[in-house]
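Undergrad:
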Amino acid sequence: MTKSLDLSESLEDYLETILELQATNTVARSKDIAERLDIKRGSVTGMLKKLAAQELINYEPYGYVTLTAKGEKIAKEIEKRHIMLRDFLIRFIGVEEQKADDTACRMEHAMDASTFKKFQAFIQTMDDCPHREGL
Numbered sequence: 014m015t016k017s018l019d020l021s022e023s024l025e026d027y028l029e030t031i032l033e034l035q036a037t038n039t040v041a042r043s044k045d046i047a048e049r050l051d052i053k054r055g056s057v058t059g060m061l062k063k064l065a066a067q068e069l070i071n072y073e074p075y076g077y078v079t080l081t082a083k084g085e086k087i088a089k090e091i092e093k094r095h096i097m098l099r100d101f102l103i104r105f106i107g108v109e110e111q112k113a114d115d116t117a118c119r120m121e122h123a124m125d126a127s128t129f130k131k132f133q134a135f136i137q138t139m140d141d142c143p144h145r146e147g148l
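Residue numbers (the numbering used here): 14 to 148.
If you want it as structure tokens, here you go:
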């Protein structure tokens, strides 16, 4: 899981954003990352250098940004946590979609690997429960 690399919440957000941009545009650009994260373009450079130093992205100044295989694996895990948490908040608790998305974004960074595995097992139990509709 990402915690072994000591990635900050912010660095995880960058990986997740780059994954999303790659899915849409094949590559990410600094300006697109800045726009998506709603931060100044100059702030992006330092973070991209940190991610490149950890071999999580391919990055050349003024060039395109792509995830390495290692970075993509981590980004997909972050995305998976986000989707599952968001889905849980909407389906089981009845949280409005935008609020669920915002909350899931904060929760995905705080949950360690063992807790997330237990959370996944709980969701599976809920999905398999024949009486779930009454819950």
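Quick reminder that beta carbons are idealized off the backbone N, C-alpha and C, glycines included. As the structure is a prediction and not an experimental result, all values here were calculated from the model.
Buried or exposed for residue 109, please, with buried defined as at least 16 other CB atoms from any protein chain shown within 10 angstroms of its CB.
TA: Within the sequence shown, residue 109 is the residue found at index 96, counting from 1. With fewer than 16 other Cβ atoms from the protein chains shown falling within 10 Å of its own Cβ, residue 109 counts as exposed.
Undergrad: Leaving out the 5 sequence neighbours to the left and right, which residues in its chain are closer than 8 Å to residue 54 when beta-carbon positions are compared?
TA: Residue 54 sits at position 41 when you count from the first residue of the sequence shown. In chain order, 43, 44 and 47 place their CB closer than 8 Å to the CB of residue 54, counting only its own chain and leaving out the 5 sequence neighbours on each side.
Undergrad: Count the other CB atoms, across all protein chains shown, that sit within 10 Å of the CB of residue 117; report buried if there are 16 or more and exposed otherwise.
TA: Mapped onto the sequence shown, residue 117 falls at position 104. Label assigned to residue 117: buried.
Undergrad: DSSP state of residue 70, grouped into three classes?
TA: Position 57 of the sequence shown holds residue 70. Here residue 70 sits in strand by DSSP.
Undergrad: DSSP three-state call for residue 20: helix, strand or coil?
TA: The residue given as residue 20 occupies position 7 in the sequence shown. Here residue 20 sits in coil by DSSP.
Undergrad: Is the beta carbon of residue 29 closer than 8 Å to that of residue 103?
TA: Sequence index remark: in the sequence shown, residue 103 carries index 90 (1-based). Sequence index remark: in the sequence shown, residue 29 carries index 16 (1-based). It is not a contact, given that the beta carbons lie outside the stated cut-off.
Undergrad: Is residue 81 near residue 35, with beta carbons less than 8 Å apart?
TA: Numbered from 1 along the sequence shown, position 68 holds the residue referred to as residue 81. Numbered from 1 along the sequence shown, position 22 holds the residue referred to as residue 35. No.
Undergrad: Distance check for residue 112 and residue 62, CA to CA, integer angstroms please.
TA: By one-based count along the sequence shown, residue 62 stands at place 49. By one-based count along the sequence shown, residue 112 stands at place 99. Answer to the nearest angstrom: the Cα atoms are 32 Å apart.
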